[in-house]
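Reminder that position 19 of the sequence shown reads as 461 in our numbering, one-by-one numbering, no gaps.
C-beta atoms are modelled at their ideal positions from N, C-alpha and C, and glycine is treated no differently.
Only one structure is covered here, and it is reproduced in the block below.
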Amino acid sequence: MGRKPDLPDWLEKQPERSVIYVAFGSKAMFSHEQFEELAHGLEMVGQLFLWVVRSDTINNGSVVKYPDGFCERVMDRGKMVNWAPQEMVLAHPSIAYFLIHCGWNSSMEGNSFGVPFLCWPYFGDQFHIRSYICDVLEENALKLKEMAEKTVSEGGSSLKYLKSFVEELRS
Numbered sequence: 443m444g445r446k447p448d449l450p451d452w453l454e455k456q457p458e459r460s461v462i463y464v465a466f467g468s469k470a471m472f473s474h475e476q477f478e479e480l481a482h483g484l485e486m487v488g489q490l491f492l493w494v495v496r497s498d499t500i501n502n503g504s505v506v507k508y509p510d511g512f513c514e515r516v517m518d519r520g521k522m523v524n525w526a527p528q529e530m531v532l533a534h535p536s537i538a539y540f541l542i543h544c545g546w547n548s549s550m551e552g553n554s555f556g557v558p559f560l561c562w563p564y565f566g567d568q569f570h571i572r573s574y575i576c577d578v579l580e581e582n583a584l585k586l587k588e589m590a591e592k593t594v595s596e597g598g599s600s601l602k603y604l605k606s607f608v609e610e611l612r613s
């Protein structure tokens, strides 16, 4: 594990929208149990993943220790690094989801690149940001979806304009 200069190459080899990007910012810390459960979850889901694991991830100052055999079992679909250029990662077409602590900066970066979130708030305002991400943005996205469906359905404004445009071209 470490700062991997081959990270862009690894991302390039992954199919579009296939990788879960896991990053919890610079302050979130886990107990050994939480860390192991997250590792087991990433293993069990069977999805490609990129996991940023800082050296100070464990909250009692212990050294990060993956579950026995974890690295070997996930080596064909998981990449663990201690740092990643987040904007480059989020902009990459292979990223499908962002497992996030809901810190403001990471939330804004993920949102600006249109990456769907898997939210795991840790402390402070992250719980409110999670509510905003998961409730408000989802509600607005559903409204936009309905509006888009109406405009392209029979009698919708986009369909009317398209038919009018085609008629104009024919004449």
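Between M471 and W493, the C-beta spacing is not below 8 Å. Judged by DSSP secondary structure, A526 falls outside any beta strand (DSSP E); it is assigned neither H nor E. S536 and V495 have their C-alpha atoms some 20 Å from each other. In the structure shown, V495 adopts coil according to DSSP, grouped into three states.
Residue pairing of F540 in beta bridges, as defined by DSSP: Y463, F559.
Distance check between M530 and each of S497, V608, L453 places L453 closest, using alpha-carbon atoms only. The beta carbon of P558 sits closer than 6 Å to the beta carbons of Y539 from its chain, once the five residues preceding and following it are set aside; these are given in chain order. Rounded to whole angstroms, the gap between the alpha carbons of E596 and L604 is 11 Å. When rounded, the separation of the alpha-carbon atoms in S468 and E588 is 38 Å.
Annotated as proximal: F466 and H543, with beta-carbon spacing under 8 Å. L490 is positioned such that its CB atom lies no closer than 8 Å to that of Q528. Collapsing the DSSP output to three states places G511 in coil.
DSSP places K469 outside both helix and strand once states are collapsed to three, so it counts as coil. Here the C-alpha atom of R459 lies approximately 29 Å from the C-alpha atom of E475. For G483, the uninterrupted alpha helix (DSSP H) segment begins and ends at 474-487.
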